[in-house]
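Asker: Chains as they are written, first to last, in our numbering: chain A, 1 to 295; chain B, 1001 to 1411; chain C, 2001 to 2303; chain D, 3001 to 3361.
All C-beta atoms in this analysis are idealised placements derived from N, C-alpha and C, irrespective of residue type, glycine included.
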């Protein structure tokens, strides 16, 4: 067969009715999923005159990269006309510490809950899980107060803290489920070998947990990168992430809406998480199988 | 001129003689459309040129509804900006009461704001317990109907001169494939348009009874019934304008796709950016041509308290600059709004602006809804209006009944 | 598994609190977040929902006034109804579509990786991006409607974002587009966990494939469905960004949702008390869904 | 010389559930003790308590004369081998062996030396650079034993080490463990549910049930003189026939009341015999059938129900009266379903248990 290596029984004839239905369905659904990407792409490569007269599905008659250039470096918000570029670097500066801290905290907490339970740890876990269901809006205001009291409001670290807090429920759940499924005897062996809480974590557990770190990492990269609400509420304009900038550009209509620039900006904003998915999709599926399905 | 101004500003403000250190002053606002951005750039230019400080622009797109929560969050969260826009009125009331805003009274008295601010009611809405906390910077009046000459020429009917003619001409426009009334989908636009119709059709007294005395009986009465009927009519004429933002709607008028738009004078800036000439390419009818009046809404700047004398000095310099003659002229010409000073001569003002100034001079003024209602009441009215405008089966009677209920519990 | 001991003297039990000390130290973030933010923030919110706080929180009690007003507000009622409709439909469709796609991918097909990536990639995009893209496609002047009219069906109407009766469909199209990928991956992982022998057995027994899925496979995947259910439900309750990006609640108030009501009331309308009352009601709704589930889980553990 | 391991009044409870209670156990120096029982009997739990992997609720644990009740597992002087091998998958075999030594800050040169020695003993030198994933089950378990070996400790703990292996490997490695014990002469505690392992390896076997030790004795005694009905039924394959009936103490006569009755004269009563309901235990291999029955003190007739020829011997399911009795015959014996043949046995090799207390009479 191909490099895809499906398991089990041998494939049937290529054009059996079964296969026609199967691939037909797959292709129809693929069109639904690819349509927006296609429309965004072709629109971003047209100029406005062509957009006004043509239909949105037709490929560009004359390909122009001007919308991309404009979205990246010229689009205006108020009197700042430096496009998404500023937001891109802000997003990177927000993403890296938030990613590292939120994943580390979640992994460590999951490790405690899976391997070193103490009286009451399950109760706290329950509370944490409830947190996954609390609408963010409910906590926006209390968090303003908490950040104010900590003196972190408006700073990058305040935002990092917020991302860490809201990442905890679902990521801790993933890590805990994954760690619980690791063979218990490994922990016992390591303890007999004299490894303690941290020794086991760093030397035994982490090296075995690449898939779940990938899953958590991907969820966090997309979550943090795509966040709009926290970025806008808990930072100052000079720290605005790319999504906020995208929103600003899209909503700062000057005269007519420049759909091509909007689409280019939209695609630029989605580029980082998309790249992450395309490059680690396989690991993601594996990690999901290990972390989300069990327990 | 600039030099003298700067000198004057620095002597009058920094009395103790502390050397002014350069401060990066962050200013947040929600001016992001073409005309707005050009206007705010004037402030930034003057501030950077005339002082040692730097204007850090904190534009937040998506109108006041998006921007205000962020501003308030920052102020209450202990990370205040140097200065921030609010509308005239009650939006910042509680922030002032909580002691989060800088008291500008000394500056205002030293410069004699009360002598030149016109109308003085603008300064009153900055005043809480006798102290002044904000700088009014412009007057925006909602009371305009903008009309596209091109659209009416295409339809072969004369450009209307009042609301009644507008209604009469509407079918002709529809026949010509035009949308008689352009209307954005955002709630505040429906609410604003309704307010304009209320003043124009129900009359000043009824409007005052509802807005200032919060008289629910008047709101349920026959004068307002007329307004709701007219709104239902307007709704039908606006049914096909599938746009969200106000300036997209304005753009329909500019391009002649739509006959007219009820919108505040900020729309002026868009006509100007598009290179259209008032009186030739478009007309403007204050008070829908029925009741010529200017409502004195607009924007004011507040200066959150920052416990740093250097920043405070910079804030006061900015406050002083914003209300200065030079800045008022530069800003308002670009913005299409009216200046808050009675002592400047806007020779550069175009046809529509001049009309506004004239009405202002005659004293035919009313406060803005933002000044009379709390944001909460205003929000409830918006909910009602946006539903009414978008649902053709919603009757005028039902809407009026609910409107009266909101007025009855307004605060 | 149990605890790390710190005692120097192996003969004597260590102090209770110090047992498992590293673990307890490592749990501090969880305790702080759980108690400090989730519980603390929730209690704070509930307490203030009984006050007349406006722009700033203050403890001026007004009893149930805020709730009374809330349930007399048309926009809130519409929001609740929208969320219920959107929630149920999207829950059912997400699960069905997710499972269906996973089953297709599990049929030993070629290019599985490609198809899976296609179905999953929207999940990488934010709701803001999703909303903008679909807003553009569903725009009646440029999008599907105009294309189909151009193909010779001048009376074809499909403008869900401008039609109050259809706007939920517009949201669903975009929401499903964004959300089914993840559920598909979870379902696929579940399907892969099922023993190949089960398939052999059903083939020997001559049970048709579709029936095997319904009768044999789905019941075996209960834990997977529970995980998926939790993820989808928690996402639905928070539905906000998509609405803001696609419709801003319009046309009119036809696509308002509770989370947006909360946000608008809290921050734009500057009526904290009312906003907190609405968020408390959202919490209550979540609790009503969640408590039976948590109880079931607990009981299962006991057995 | 003190005991190698001494457990006093051990109690382990999780909340309201008591898992182990009043447990006392002494293990001599160099002794090979097997903890035997079916799953859930508490044998692994007890081993984990000894290892320090579970906090006990009450009692004391001494290893090599030192009270280690609250000591870290790594400081108890034990090595442990697990059922799933529990090798660290990301480390090489060498890394696995060195991990504990590094944690204990053993000098590098000595680590190398000890690994070399253990590898030699276990014949795993060629595997040292490989990762566990590249090893077979048998090899993995050798490495796991090696990991205990390099620790240079007095006590080895085995937690069902052979259960994951196939039958042949299991037998091989069993012999190897026995050889290892013979060579090293360490104290070993070995948990298993496999009675063959227990019988072949143990100096003494502790049979556990419900968190208690039922009988602690050398294998032969466990086999010949089980202290109660449970132990009797647990040890031996095929299992002992346990036949309910009445004991007449005076006549030393046993009667099922269902067609099987015979004398038990010659039975070695532990205490004065009392009449009443009893279980009679008769090991299948102690029954002589056919011609051989005549040599036995007690003889009855049996109706053959089912025959299982195994090659070396033949297992027969038969009825004595209405009572099922299972026994073995020589592999060459000619017997068919439906035959009635005489069977005989020696009451001295029987076991009698009180019906109520199930204790040996």
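Kindly list, in the order they appear in chain A, the residues whose Cβ is closer than 7 Å to that of residue 3073(D).
Answerer: Taking the first residue of the fourth chain as position 1, residue 3073(D) is located at position 73. Going along chain A in sequence order, the residues near residue 3073(D) (Cβ under 7 Å) are 191, 192.
Asker: Using a Cβ-Cβ cut-off of less than 9 Å, list which residues of the segment 235 to 266 of chain A approach chain D; keep chain order.
Answerer: Taking 9 Å as the Cβ-Cβ cut-off against chain D, none of the residues of the segment 235 to 266 of chain A qualify.
Asker: Near residue 197(A), which residues of its chain fall below 7 Å by C-beta distance, leaving aside the five closest residues on each side in sequence?
Answerer: Working through the first chain from its first residue, we reach residue 197(A) at position 197. Cβ within range, chain order: 116.
Asker: Closer than 8 Å, Cβ to Cβ, to anything on chain C: give me those residues from the segment 10 to 37 of chain A, in chain order.
Answerer: Correct list: 11, 22, 23, 25, 26, 29, 30, 32, 33, 34, 35, 36, 37.
Asker: Would the C-beta of residue 2140(C) count as close to the ligand MN, meaning under 7 Å from any of its heavy atoms?
Answerer: The ligand MN is not part of the structure shown, which contains no ligands of any sort.
Asker: Could you give the distance in angstroms between the alpha-carbon of residue 1407(B) and the alpha-carbon of residue 1378(B)?
Answerer: To locate residue 1407(B), count along the second chain from 1; it is residue 407. To locate residue 1378(B), count along the second chain from 1; it is residue 378. Looking at the two C-alpha atoms, the distance is approximately 10 Å.
Asker: Could you tell me the alpha carbon to alpha carbon distance between residue 3156(D) and residue 3186(D), rounded to whole angstroms?
Answerer: Locating residue 3156(D) in the fourth chain gives position 156, where the first residue counts as 1. Locating residue 3186(D) in the fourth chain gives position 186, where the first residue counts as 1. Whole-angstrom Cα-Cα distance: 7 Å.
Asker: What does the alpha-carbon distance come out to for the pair residue 2199(C) and residue 2208(C)?
Answerer: The sequence position of residue 2199(C) within the third chain is 199, counting from 1. The sequence position of residue 2208(C) within the third chain is 208, counting from 1. The straight-line gap from Cα to Cα measures roughly 11 Å.
Asker: Could you work out which residue in 2217(C), 2143(C), 2212(C), 2172(C) is closest to residue 56(A) when comparing CA atoms only?
Answerer: On the first chain, position 56 is the one that residue 56(A) refers to. Nearest C-alpha to residue 56(A): 2143(C).
Asker: Would a check of beta-carbon distances place residue 277(A) closer than 8 Å to chain C?
Answerer: Your numbering for residue 277(A) matches position 277 in the first chain. By this cut-off, residue 277(A) is an interface position.
Asker: Please classify residue 1048(B): is it buried, with 16 or more other beta-carbons within 10 angstroms of its beta-carbon, or exposed?
Answerer: Counting from one through the second chain, the residue named residue 1048(B) turns up at place 48. It counts as exposed.
Asker: Is it true that the CB of residue 3103(D) sits closer than 8 Å to the CB of residue 151(A)?
Answerer: As a position in the first chain, residue 151(A) is number 151, starting the count at 1. As a position in the fourth chain, residue 3103(D) is number 103, starting the count at 1. No, they are not a contact pair.
Asker: Output needed for residue 2184(C): all residues of its chain with C-beta closer than 6 Å, excluding positions within five of it in sequence on either side, in chain order.
Answerer: Reading the third chain from its first residue, position 184 is the one you call residue 2184(C). The residues are 2098, 2101, 2102, 2119.
Asker: Which residues of chain D have a Cβ atom closer than 7 Å to the Cβ of residue 2012(C), listed in chain order?
Answerer: Here residue 2012(C) corresponds to residue number 12 of the third chain, with the count starting at 1. Simply 3070.
Asker: Kindly indicate the opening and closing residues of the alpha helix (DSSP H) around residue 1357(B).
Answerer: By 1-based counting over the second chain, the position of residue 1357(B) is 357. That run of the alpha helix (DSSP H) goes 1351 to 1362.
Asker: Between 166(A), 204(A), 280(A), which lies nearest to residue 184(A) when the distance is taken from Cα to Cα?
Answerer: Within the first chain, residue 184(A) is the residue found at index 184, counting from 1. The shortest Cα separation from residue 184(A) among 166(A), 204(A), 280(A) belongs to 204(A).
Asker: Among 1221(B), 1368(B), 1175(B), 1231(B), which one has its Cα closest to the Cα of residue 1138(B)?
Answerer: Counted from its first residue, the second chain places residue 1138(B) at position 138. Of the listed residues, the one whose Cα sits closest to residue 1138(B) is 1368(B).
Asker: Would you kindly check if the distance between the Cβ of residue 1121(B) and the Cβ of residue 1296(B) is under 8 Å?
Answerer: In the second chain, counting from the first residue as 1, residue 1296(B) sits at position 296. In the second chain, counting from the first residue as 1, residue 1121(B) sits at position 121. Contact flag set, yes.
Asker: Under a CB-based cut-off of 8 Å, is residue 1407(B) close to chain A?
Answerer: To locate residue 1407(B), count along the second chain from 1; it is residue 407. No, residue 1407(B) does not count as interfacial toward chain A.
Asker: Using a Cβ cut-off of 7 Å, which residues of the segment 112 to 125 of chain A contact any Cβ in chain C, in chain order?
Answerer: For the segment 112 to 125 of chain A, which is checked against every Cβ of chain C, the residues closer than 7 Å are 112, 115, 116, 118, 121, 124.
Asker: Please give me, in chain order, every unbroken run of the alpha helix (DSSP H) with length at least 4 that falls completely inside the segment 1184 to 1259 of chain B.
Answerer: The segment 1184 to 1259 of chain B contains these whole alpha helix (DSSP H) runs: 1187 to 1197, 1204 to 1211, 1216 to 1219, 1222 to 1238, 1246 to 1254.
Asker: Taking residue 3067(D) as the query, report the chain C residues whose CB atoms sit under 7 Å from its CB, ordered along the chain.
Answerer: In the fourth chain, counting from the first residue as 1, residue 3067(D) sits at position 67. Residues of chain C passing the Cβ test: 2010, 2011.
Asker: Excluding sequence positions up to five away, which residues of its chain have a Cβ less than 6 Å from the Cβ of residue 3014(D)?
Answerer: To locate residue 3014(D), count along the fourth chain from 1; it is residue 14. Here the set comprises nothing.
Asker: Rounding to the nearest angstrom, what Cα-Cα distance links residue 278(A) and residue 272(A) in this structure?
Answerer: One-based indexing of the first chain puts residue 278(A) at position 278. One-based indexing of the first chain puts residue 272(A) at position 272. About 10 Å.
Asker: I'd like to know whether the C-beta atoms of residue 109(A) and residue 172(A) end up nearer to each other than 8 Å.
Answerer: Sequence index remark: in the first chain, residue 109(A) carries index 109 (1-based). Sequence index remark: in the first chain, residue 172(A) carries index 172 (1-based). Against a cut-off of 8 Å, the Cβ pair of residue 172(A) and residue 109(A) comes out as a contact.
Asker: Helix, strand or coil for residue 1066(B), going by three-state DSSP, please let me know.
Answerer: In the second chain, residue 1066(B) corresponds to position 66, counting from 1. Helix at residue 1066(B).
Asker: For residue 1399(B) and residue 1227(B), what's the separation of their Cα atoms in angstroms?
Answerer: The count along the second chain starts at 1 and reaches residue 1399(B) at position 399. The count along the second chain starts at 1 and reaches residue 1227(B) at position 227. About 11 Å.
Asker: Find out if the Cβ-Cβ distance for the pair residue 1061(B), residue 90(A) is shorter than 8 Å.
Answerer: Residue 1061(B) sits at position 61 when you count from the first residue of the second chain. Residue 90(A) sits at position 90 when you count from the first residue of the first chain. Against a cut-off of 8 Å, the Cβ pair of residue 90(A) and residue 1061(B) comes out as no contact.
Asker: Can you check whether the C-beta of residue 983(B) is within less than 8 Å of a C-beta belonging to chain C?
Answerer: Residue 983(B) lies beyond the stretch modelled for chain B, which goes from 1001 to 1411, so this question has no answer here.
Asker: Out of 1041(B), 1161(B), 1376(B), state which residue places its alpha-carbon closest to the alpha-carbon of residue 1259(B).
Answerer: Counting from one through the second chain, the residue named residue 1259(B) turns up at place 259. Here the closest residue by C-alpha is 1161(B).
Asker: What are the boundary residues of the alpha helix (DSSP H) that residue 3209(D) is part of?
Answerer: On the fourth chain, position 209 is the one that residue 3209(D) refers to. Counting along the chain, residue 3209(D) falls outside any alpha helix (DSSP H), though it belongs to the beta strand (DSSP E) covering 3204 to 3209.
Asker: Going by beta carbon distance, what residues of the same chain come within less than 7 Å of residue 2036(C), once the five residues before and after it are set aside?
Answerer: Along the third chain, read from residue 1 onward, the residue named residue 2036(C) stands at position 36. If we look at residue 2036(C) and ignore the five residues flanking it on each side, it has no Cβ neighbours.
Asker: Counting only beta-carbon atoms, is residue 2070(C) nearer than 8 Å to chain A?
Answerer: Here residue 2070(C) corresponds to residue number 70 of the third chain, with the count starting at 1. No, because no Cβ of chain A sits closer than 8 Å to the Cβ of residue 2070(C).
Asker: Going along the chain, which residues of its own chain have a beta-carbon closer than 8 Å to the beta-carbon of residue 3311(D), five neighbours each way excluded?
Answerer: Working through the fourth chain from its first residue, we reach residue 3311(D) at position 311. For residue 3311(D), where only same-chain residues beyond five positions count, the Cβ hits under 8 Å are 3331.
Asker: Suppose the cutoff is 6 Å on Cβ atoms and the five residues either side in sequence are ignored; what does the same chain contact list for residue 1034(B) look like?
Answerer: Against the second chain, residue 1034(B) aligns to sequence position 34. Here the set comprises 1273.
Asker: Would residue 2295(C) be called buried (16 or more neighbouring beta carbons within 10 Å of its own) or exposed?
Answerer: As a working mapping, residue 2295(C) is identified with position 295 in the third chain. Classification of residue 2295(C): exposed, given that the 10 Å Cβ count is below 16.
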